[in-house]
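Chemist:
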Amino acid sequence: MVSNPESSPSDADPVDNARRYPRVTSFRFRRGALTAGQQRNWANLWPTMGRDLRVDGQSEPPLDAATWFGRQAPTILEIGSGTGISTAAMAADEPELDVVAVEVYQPGLAQLLGLVDRGGLTNVRLIRGDAMVVLNELIEPSSLTGIRVFFPDPWPKARHHKRRLLQQGTIELMADRLKPGGVLHIATDHADYAEWITEVLDNQDTTKTHVVALGDVSRAPISLERPTTKFEGRAQREGRDVTEYVFTRAEATSAAANGAES
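Following the numbering used here, the numbering of the sequence shown begins with 4 at its first residue and continues without gaps.
Structure, rendered in structure tokens:
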């Protein structure tokens, strides 16, 4: 699932956590200890493959993907990579694309590090922290070829709906960060959240950069084939359908913009 943070004794500093996890609106804290293998992955691989958000309250410098990956390539942002099963499998199938996976759950990131290492993948990097900080501060406008949000936390109780990641402002921000023709791919197995997402997408402000359904998915610049994770497998066994959205960036329509000015 998306954005399941972890809190461990090593992360006990409240100043550290206040910066690394500054919001309480899109994720819930989840405790988990690293296994011995995950600890090795973290110690050996995180310094080169991973990046923590700053903890000093200062804004993040923009992401220099070309330097981090050592090449110029189309970039995909995956928000909420969980344990990394989908991330690693899709990255292996798309070696020509670079993937930046954002997650707050340390054991999940450590597991993904192991998958990347064992698979010999050179096109995956990881960020630990709040995806909204990443979108707002690290990602430049019109820089991403794709954004993936698979199975975000549905926050099912009505009083918690404000905590859902996919709000109108978030969708507008994602649209702004996509290149023209870039793809936003969302999947959820929660029926109420699917209705919420549909409403948000249907009520975008078209006087701004926004996203529209990609009619011909064969034109997508990224793969739309996801491996079935244990979360999706459980949803299928429990009879929950998965709803997917494949949208692409669209510019403000001149008619809408003129109407807004009149």
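From the three backbone atoms N, C-alpha and C, an ideal C-beta is built for every residue, glycine too. This one's a predicted model, so the numbers in the text were calculated from it and none came from an experiment.
Any idea if Gly149 is buried or exposed, counting beta-carbon neighbours within 10 angstroms, 16 or more meaning buried?
Modeler: If you number the sequence shown from 1, residue 149 lands on position 146. So Gly149 counts as buried.
Chemist: Looking at the structure shown, is Phe72 part of a helix, part of a strand, or coil, going by DSSP?
Modeler: As a working note, residue 72 is residue 69 in the sequence shown. Phe72 falls in the helix class under three-state DSSP.
Chemist: Tell me, which residues are paired with Val107 by DSSP?
Modeler: As a working mapping, residue 107 is identified with position 104 in the sequence shown. According to DSSP, Val107 bridges with nothing at all.
Chemist: In its own chain, which residues sit with a C-beta less than 6 Å from the C-beta of Ala92, not counting the 5 before and 5 after it?
Modeler: Residue numbering aside, residue 92 sits at position 89 when the sequence shown is read from its first letter. Around Ala92: Pro230.
Chemist: Under three-state DSSP, which class holds Arg252?
Modeler: Taking the sequence shown and counting its residues from 1, the one referred to as residue 252 is at position 249. Strand, per DSSP.
Chemist: Taking the straight line between their C-alpha atoms, what separation do you get for His193 and Pro155?
Modeler: The residue labelled residue 193 in the question sits at position 190 within the sequence shown. The residue labelled residue 155 in the question sits at position 152 within the sequence shown. Straight-line Cα distance between these residues: approximately 9 Å.
Chemist: What's the C-alpha gap between Asp101 and Ser89?
Modeler: Taking the sequence shown and counting its residues from 1, one reaches residue 101 at position 98. Taking the sequence shown and counting its residues from 1, one reaches residue 89 at position 86. Roughly 14 Å separates the two Cα atoms.
Chemist: Could you check if Met4 is buried or exposed, using at least 16 other CB atoms within 10 Å of its CB as the buried criterion?
Modeler: Within the sequence shown, the letter at position 1 stands for residue 4. For Met4, the predicted structure reports a pLDDT of 35, less than 50, and the residue's modelled location is therefore unreliable. A value from the coordinates is still provided. By the neighbour-count rule (16 or more Cβ atoms within 10 Å), Met4 is buried.
Chemist: Pull up the distance between the alpha-carbon of Gly242 and that of Pro110, whole angstroms please.
Modeler: By 1-based counting over the sequence shown, the position of residue 242 is 239. By 1-based counting over the sequence shown, the position of residue 110 is 107. Approximately 29 Å between the Cα atoms of the pair.
Chemist: Between which two residues does the alpha helix (DSSP H) harbouring Phe234 extend?
Modeler: For this step, residue 234 is matched to residue 231 along the sequence shown. Per DSSP, Phe234 belongs to the alpha helix (DSSP H) from 233-240.
Chemist: So the alpha helix (DSSP H) Leu141 belongs to, where does it begin and stop?
Modeler: Locating residue 141 in the sequence shown gives position 138, counting from the first residue. Counting along the chain, Leu141 falls outside any alpha helix (DSSP H), and DSSP gives it neither H nor E.
Chemist: How would you call Asn206, buried or exposed, if buried means at least 16 neighbouring beta carbons within 10 angstroms?
Modeler: For the purposes of this step, residue 206 is taken as residue 203 along the sequence shown, with counting starting at 1. Label assigned to Asn206: exposed.
Chemist: According to DSSP, which residues form a beta bridge with Gly273?
Modeler: Outside the shown range of the chain, which is 4 to 265, sits residue 273, and nothing can be said about it.
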